[in-house]
Amino acid sequence: MTPFTLLYFLLALLLYVAAVPFLLLFSLKKKYRRSLPARFFLWNNPPFRHVDLWFHVCSLGESRALKPLLDSLPARDIGITAITQTGYDAARHYDAQVRYLPFEIFLPFWIRRPKTLVVLEAEFWYMLFVVASVRGAKVIVLNARISERSYPKYLKFRWFYQKIFHYVDTFFVQSEHDKVRFESLGARHIVVLGNMKLAQRIVATTHYDKLNVETIVAASTHE
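Residue numbers (the numbering used here): 62 to 284.
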C-alpha cells in the first residue's frame with residue numbers, strides 16, 4: 062500500500078466514523094432503506110462468489126445500458142455492483158450476481174480476484190480501482206464521459222484523478238471531446254467508442270406512462 066493510499070484510507074475511515082449517525086438516520090428513509098445498510102454496514106451484501114467479469118454502475122441508466130452488452134457475451138461468471146437502489150433492482154433482471162458497492166474502507170476486505178473490472182461512465186472511486194488492480198484485475202472504464210460543465214472541477218483535482226487513472230488499463234469514451242479531456246487528466250490508452258446508451262435497440266411498446274402535467278395537443282390546424 063502506497064503512502065497516499067494509506068492516507069486516503071485513514072481519511073475515509075475518519076469520515077465514515079463521523080457519518081455513522083447520519084447514515085443510520087437516512088437508512089430509515091424508504092429511498093435508502095436497502096442501499097445504505099448494504100453499502101455502509103455490509104448488511105445482506107457479501108462478496109461475490111467467483112466472477113470473471115465485474116461491472117460497476119451507479120444507477121438505473123447505466124444498469125439498463127448494460128443489457129445489449131450482456132446479451133452479446135458468452136455464458137460466464139458475471140458480477141454487477143450498483144450504488145442506487147434503482148440501479149440494483151434493474152441489474153437483478155440479468156443473469157449475474159448483483160451487489161451494492163460497499164463504501165471504500167470495506168473494499169480491501171470485500172474484493173476478491175475478478176479477472177476484469179468494467180466501470181461505467183464516471184464512477185471514479187479511488188479504492189475500487191486500486192484494490193481491483195492490486196488483486197490482478199484488468200481495469201476498464203466504459204462509456205466514459207466528462208461534460209463541459211464539470212470539466213473545470215476535474216481540472217482542479219487533476220493530481221487526484223491522475224492517481225486513479227494510473228490503475229486503468231483502457232478507457233472507452235463517448236466522444237473526441239471526452240478523449241481530449243481525459244488525456245489532460247492523465248488518462249492513457251483511450252478509445253472513442255460512442256455513447257452505448259444511444260446504441261440500444263428500440264423496443265416497440267403499447268404502454269405509455271401518464272404524464273403528471275397538463276398537455277394540449279393540436280392534432281391538426283390545417284383548414
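Virtual Cβ for every residue (Gly too), placed ideally from N, Cα, C.
Residue i, buried or exposed, once every other Cβ within 10 Å from all chains shown has been counted against 16
i, result
"Q223", "exposed"
"R100", "buried"
"V234", "buried"
"G140", "buried"
"W220", "exposed"
"D239", "buried"
"M8", "Residue 8 cannot be examined here, being either before or after the span of the chain that is shown, 62 to 284."
Neighbour flag for residue i against chain B, beta carbons, 8 angstroms
i, result
"L114", "Absent from the structure is chain B; it holds one protein chain and no more."
Alpha carbon of residue i to alpha carbon of residue j, nearest angstrom
i, j, result
"Y77", "I277", "50 angstroms"
"A183", "F243", "11 angstroms"
"L103", "L97", "9 angstroms"
"A73", "I166", "7 angstroms"
"E123", "P64", "33 angstroms"
"L203", "R95", "27 angstroms"
"R174", "R110", "10 angstroms"
"I263", "M257", "Only weak support is given to the placement of I263: the predicted model assigns it a pLDDT of 47, under 50, and the value that follows is read from those uncertain coordinates. In a straight line, the C-alpha of I263 is about 13 angstroms away from that of M257."
"L127", "Y69", "31 angstroms"
Residues bridged to residue i [DSSP beta-bridge criterion]
i, result
"R125", "R125 is not bridged to any residue."
"L181", "L203"
"H117", "T142, V180"
For residue i, the first and last residue of its enclosing alpha helix (DSSP H)
i, result
"W171", "168-171"
"L75", "64-87"
Beta-carbon separation (whole angstroms), residue i vs residue j, contact threshold 8 angstroms
i, j, result
"Q158", "V118", "With a Cβ gap of about 14 angstroms, Q158 and V118 do not count as contacting."
Beta strand (DSSP E) segment containing residue i, residue limits
i, result
"H250", "Looking at the DSSP string, H250 is not in any beta strand (DSSP E), and its letter there is neither H nor E."
"F232", "231-234"
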